[in-house]
Each structure stands twice: as structure tokens, then as C-alpha cells.
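In terms of my numbering, the sequence shown is residues 1 to 288.
Glycine residues also receive a C-beta, built at the ideal position from the N, C-alpha and C atoms.
Worksheet for the structure shown next.
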Amino acid sequence: MILAESVTVLKELLKKSVGEIGFVPTMGALHKGHLSLIKESKSKTTTTVVSIFINPTQFNDPGDLKKYPRDIESDLKLLDNILSDNDIVFTPQADDLYSFENPVIPDLGNLDKVLEGKHRPGHFSGVVRVVKLLFEIIDPDRAFFGQKDFQQLVIIKEMVRRLEMKIEVTGCPTLRESTGLAMSSRNKLLTNNIRSKASIIYKTLKNHNVITDPGKICETSSAIIKTIDSIEEFRTEYFEIVNDKTLESITKESIIDPSAKYYGCIAVFAGNVRLIDNVEFSFSFAKG
Ligand code: PAF
């Protein structure tokens with residue numbers, strides 16, 4: 001693999017690359033979930049670019065940015081094991097990267113105002129800013145994102161559509177620990193005690209993800225929140241079941257769109273670590 005620490009070096013390397021470019025943006029602290037995105041990129045393209053950049057503009061809380069896990073040495077070792085000689089690892093500095101910004105951000109309607117957007121104001125403007133900038137610099141044919149960050153994936157697909165970028169955005173399945181806990185860089189911040197209890201999030205979502213009666217939507221949501229919050233150190237920030245295209249939350253009055261998928265999306269404080277997850281929900285009553 002080749003290390004590019006500046007935009008100029010990266011651009012020079014990309015000029016020489018042949019074939020399709022696959023891009024995996026990351027904020028480092030890599031785990032098996034990231035590695036699965038990289039493997040997917042390698043199987044579909046000739047050159048894979050992995051960026052490692054903890055993007056300050058997407059952190060609405062400076063404390064969160066400060067404690068975000070960083071382990072560049074071990075990230076580079078992991079990448080060296082799976083990348084080929086022509087693949088590129090891009091580790092820019094904020095000043096350098098943002099000096100190339102064309103600061104025109106598309107309007108994303110309601111997509112960035114709900115769920116995470118409501119609880120982390122400004123988060124998605126930061127994500128869209130940096131991903132758009134990275135897309136403009138790298139100009140990949142394909143880009144790979146984890147389904148765990150479900151809303152981020154929906155937003156990036158919409159950004160690409162609105163800006164008419166010629167990039168195929170692929171969502172890759174969430175990888176889970178054997179307990180069911182979704183893999184995340186933030187898991188590194190959990191104590192062993194809390195980590196062992198955090199499997200409750202996925203288990204609870206899975207136990208409730210078939211809804212047989214529209215009247216039970218509210219009851220189901222309350223049951224999920226109650227189960228998770230019954231663990232002493234756990235507090236659910238939100239749980240909503242949303243349409244995967246509009247991100248509209250469903251209620252008992254909603255008409256289920258048979259062409260959409262529905263995901264139960266949750267954010268939970270496990271001790272002082274904020275975890276997010278999502279699971280597909282189905283409605284047996286919609287089939288008649
Ligand atoms: O999902 C992430 O790690 C980040 O939001 C991303 C896409 C790398 C942008 O900073």
C-alpha cells in the first residue's frame with residue numbers, strides 16, 4: 001500500500017492509477033466492519049483508497065471529538081495486511097484537506113433533520129461536507145459505507161443523486177460481535193462490564209422486529225425502550241421505525257409503503273458511550 005499524507009500527493013498517485021477506483025472513508029480505529037468494506041471494494045475495483053481522517057466538523061460535542069478512539073499505528077498495520085501494493089491510504093491534515101473545499105452543500109430536505117440529525121445538530125452537515133470533499137478529490141467509481149450508520153448511508157446516496165455525481169454508493173451489512181453488539185470504533189471506549197451488557201440492544205430489536213398490528217407500533221417502541229433502560233447504566237435516547245427512503249417515522253396512522261423497507265433505529269447511552277444500531281422491521285399486517 002502507498003501512504004498519501006497530503007491532498008497533493010494523493011492527486012499525483014491517482015493520476016497514475018488505472019481501472020476503477022473504490023473508496024472507503026473511515027475515521028480510523030479500524031475494526032472488522034471496516035475491513036469488510038475494504039474487502040468489498042477490493043473485490044469490485046482495481047485500486048482501493050482508504051481515508052483515515054477524524055473529521056472535526058461532524059462532532060457537535062468537542063468532548064466527544066477529544067475522546068474519539070485513535071490508533072493510527074495499529075490501523076496502518078491492519079491495512080498493510082489486506083491492501084495491495086497499488087492501494088492507497090490517505091491520512092490528510094484538516095487544514096490541507098479543507099483548503100480544497102468548494103463549500104456548496106446540497107439541501108437534503110428532511111433527511112438530515114431527523115433521528116441522529118435531531119439529537120446531534122450539525123452532525124450531518126459535517127459528514128456531507130467531508131464526504132463531498134473526499135469524493136471531489138478522489139473521484140471514485142464506487143464508495144462503500146456500513147449499514148450500521150443507516151441514516152448516513154441514506155444521506156450520502158441522496159447527496160450523490162442531487163449532485164449528479166457518478167459514484168455508485170454501496171451499503172455493506174453491519175458486522176456484529178458474537179454477542180450481537182454491532183461493531184463500532186466507539187466499542188473501544190466501553191468498559192468490559194458495559195460491553196457485556198450491550199448485547200441487549202440488538203437482542204431487543206430482533207425480539208420485536210415483526211409487527212402484526214398497526215395499533216402495536218407505539219406499544220412495541222415502548223417495550224423496546226423499557227427493556228433496554230431496565231439495565232442500570234443504559235438510557236435510550238431515541239427509538240423510531242422509519243421508511244428507508246424518506247426516513248419518516250411510522251405511527252399507527254401511517255400507510256405502509258410496500259416498495260420501502262423499514263428500519264428500527266436506536267441510539268443508546270451505554271454508560272457514557274453513545275451507541276447506535278438498526279434492524280429491519282417488517283409488518284405482517286401490510287400483506288393483507
Ligand atoms: O462513518 C464514518 O466513519 C464517518 O462519518 C465518515 C463517513 C468517514 C465521514 O467522516
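Among the residues of its own chain, which have a CB less than 8 Å from the CB of residue i, if the five just before and after it don't count?
i	result
His294	Any answer about residue 294 is impossible in this case: the structure gives the chain only from 1 up to 288.
Leu247	Asn110, Leu111, Val114, Leu115, Gln151, Val154
Tyr262	Ile241, Val242, Asn243, Asp244, Ile250, Ile256, Glu280, Phe281, Ser282, Phe283
Phe100	Val7, Leu133, Glu136, Ile137
State buried or exposed for residue i, treating a residue as buried only when at least 16 other CB atoms are found within 10 Å of its CB.
i	result
Asp277	buried
Thr191	exposed
Asn110	exposed
Asn187	buried
Cys218	exposed
Thr47	buried
Ser259	exposed
Val169	buried
Asp149	buried
Gly215	exposed
According to DSSP, simplified to helix, strand and coil, what is residue i?
i	result
Gly288	Any reading at Gly288 needs caution, since the residue's pLDDT is 46, under 50, leaving its predicted position unreliable; the model's value is listed next. It is coil, neither helix nor strand.
Arg377	No statement about residue 377 is possible, as the shown extent of the chain runs from 1 to 288 and does not include it.
Glu280	strand
Asn187	helix
Ala198	coil
Ser51	strand
Gly264	strand
Ser6	coil
Asn207	helix
Leu180	Looking at the sequence shown, residue 180 is not Leu but Gly. It is coil, neither helix nor strand.
Thr227	helix
Gly22	strand
Thr246	coil
Leu83	coil
Ile38	helix
Near residue i, which residues of its chain fall below 6 Å by C-beta distance, leaving aside the five closest residues on each side in sequence?
i	result
Pro173	Gln147
Leu205	Gly264, Val279
For residue i, which residues of its own chain have a beta-carbon under 7 Å away from its beta-carbon, when the five flanking residues on both sides are left out?
i	result
Leu13	Ile2, Ala4, Ile88
Lys203	Gly180
Ala270	Leu190, Ile194, Ala198, Glu233, Phe234
Exercise for the section: Output the residue ranges of the alpha helix (DSSP H) runs that lie fully inside the segment 88 to 175 and measure 4 residues or longer, sorted by chain position. Expected result: 94 to 98, 116 to 119, 123 to 138, 150 to 162
Handout entry: At least three beta-carbon pairs within less than 8 Å, the segment 175 to 189 to the segment 111 to 128
Key = no
Problem - Segment contact, 8 Å Cβ cut-off, at least three pairs: the segment 86 to 95 with the segment 51 to 63 - result: yes
Practice task
Taking 8 Å as the threshold, find out whether the segment 23 to 34 comes into contact with the segment 137 to 155 through three or more Cβ pairs.
Solution key: yes
Practice task
Spell out a yes or no on whether the segment 93 to 105 and the segment 60 to 67 are touching, meaning 3 or more CB-CB pairs, one atom from each, closer than 8 Å.
Solution key: no
Practice task
Mind the definition here: the segment 248 to 256 touches the segment 220 to 236 only if three or more C-beta pairs lie below 8 Å; say whether that holds.
Solution key: no
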